[in-house]
Amino acid sequence: KAGVTQTPRYLIKTRGQQVTLSCSPISGHRSVSWYQQTPGQGLQFLFEYFSETQRNKGNFPGRFSGRQFSNSRSEMNVSTLELGDSALYLCASSPDRITYEQYFGPGTRLTVT
Amino acid sequence: GNSVTQMEGPVTLSEEAFLTINCTYTATGYPSLFWYVQYPGEGLQLLLKATKADDKGSNKGFEATYRKETTSFHLEKGSVQVSDSAVYFCALSDIGGSTLGRLYFGRGTQLTVWP
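Protein chains in written order, with this note's numbering: chain E, 22 to 134; chain S, 1086 to 1200.
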């Protein structure tokens, strides 16, 4: 089975712009979670989607949003980018909301200048 | 609430040395516990897991035992290799209510193994 894929792998944006990141989960997985990883804050949970609905949300401003499609693929969007949004954004998938472990993609490295 | 505390390191060892990375947790429910590993430039890989008290997770020579009485899940390996150099994250998943679908991570421990 193919693993979790994320596109693009690297992205450079300017402050004030918006960005959309994409995640394709492992085939058959229906839950997709997003995390932000920075040296200062570590791994922080953004949100989780299951059956096209956001089920759980971390403590991030409304500039961070996401969605999930009927094929379980997910996108996250960050509007009005700030320098502090520079991070590695990781997507993880899980078969359902009962299976505990999550499987991660390689991440998208976002740099905001 | 839920939280994970792990020794942040960095940890530097010689090849074939014994490794311990400490991890303790706080959870409101009955968590499952995990160790993930991150190699440079990559995402997180699940290394091992334990879903209930006294379970021992093991993989690639690494082991960790779920100790409910001490709320700990320490990672150990008897003989490390240069290829084990990476960042190791302890994490928990708690199936209670609003915490479904998310993992709580420690800050990570950088391990460097010298030949």
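Even for Gly, the Cβ is constructed at its ideal location relative to N, Cα and C.
Item	Value
Simplified DSSP assignment, three categories, for Val1167 of chain S	helix
Within-8 Å CB hit, Leu1129 of chain S to chain E	yes
Closest Cα partner of Trp1120 of chain S within the set S:Thr1109, S:Leu1098 and S:Val1165	S:Thr1109
Closer than 8 Å at the beta carbon, the chain S residues around Gly126 of chain E	Gly1128
Minimum length 3: unbroken beta strand (DSSP E) runs contained in the region 54 to 82 of chain E	63 to 71 and 74 to 78
Residues near Asn98 of chain E in its chain [Cβ-Cβ closer than 6 Å; skip 5 each side]	Thr41 and Ser86
Minimum C-alpha distance to Ser1170 of chain S - residue among S:Gly1086, S:Leu1118 and S:Pro1200	S:Pro1200
Interface flag, Gly49 of chain E vs chain S, CB-CB below 8 Å	no
Residue nearest to Thr1090 of chain S in terms of C-alpha spacing, selected from S:Gly1186, S:Tyr1173, S:Leu1133 and S:Lys1137	S:Tyr1173
Cβ of Ser1201 of chain S within 8 Å of any chain E Cβ	Any property of residue 1201 of chain S remains undetermined from this structure, which presents chain S solely from 1086 to 1200.
Closer than 8 Å to chain E by CB, Thr1136 of chain S	yes
Interface partners of Phe1158 of chain S on chain E, CB under 7 Å	Within chain E, no residue comes near Phe1158 of chain S; the closest Cβ sits about 13 Å away, beyond 7 Å.
Which listed residue (S:Glu1093, S:Met1092, S:Ser1117 and S:Leu1098) has its alpha carbon closest to that of Gly1163 of chain S	S:Leu1098
Best match in S:Gly1094, S:Thr1197 and S:Ile1180 for proximity to Asn1107 of chain S [C-alpha to C-alpha]	S:Gly1094
Whether Asp1139 of chain S touches Tyr1151 of chain S by CB criterion (8 Å)	yes
Three-way DSSP call (helix, strand, coil) for Val105 of chain E in this model	The sequence shown places Gly at residue 105 of chain E, rather than the Val named in the question. Gly105 of chain E: helix per DSSP, three-state reduction.
C-beta atoms of Tyr124 of chain E and Leu1131 of chain S nearer than 8 Å	yes
DSSP beta-bridge partners of Asn98 of chain E	E:Thr41 and E:Ser86
is_contact[Gly1193 of chain S, chain E] using C-beta, thresh 8 Å	yes
Within chain E, partners of Ser1117 of chain S - CB distance below 7 Å	Tyr121
Cβ neighbour criterion (16 or more within 10 Å) applied to Glu69 of chain E	buried
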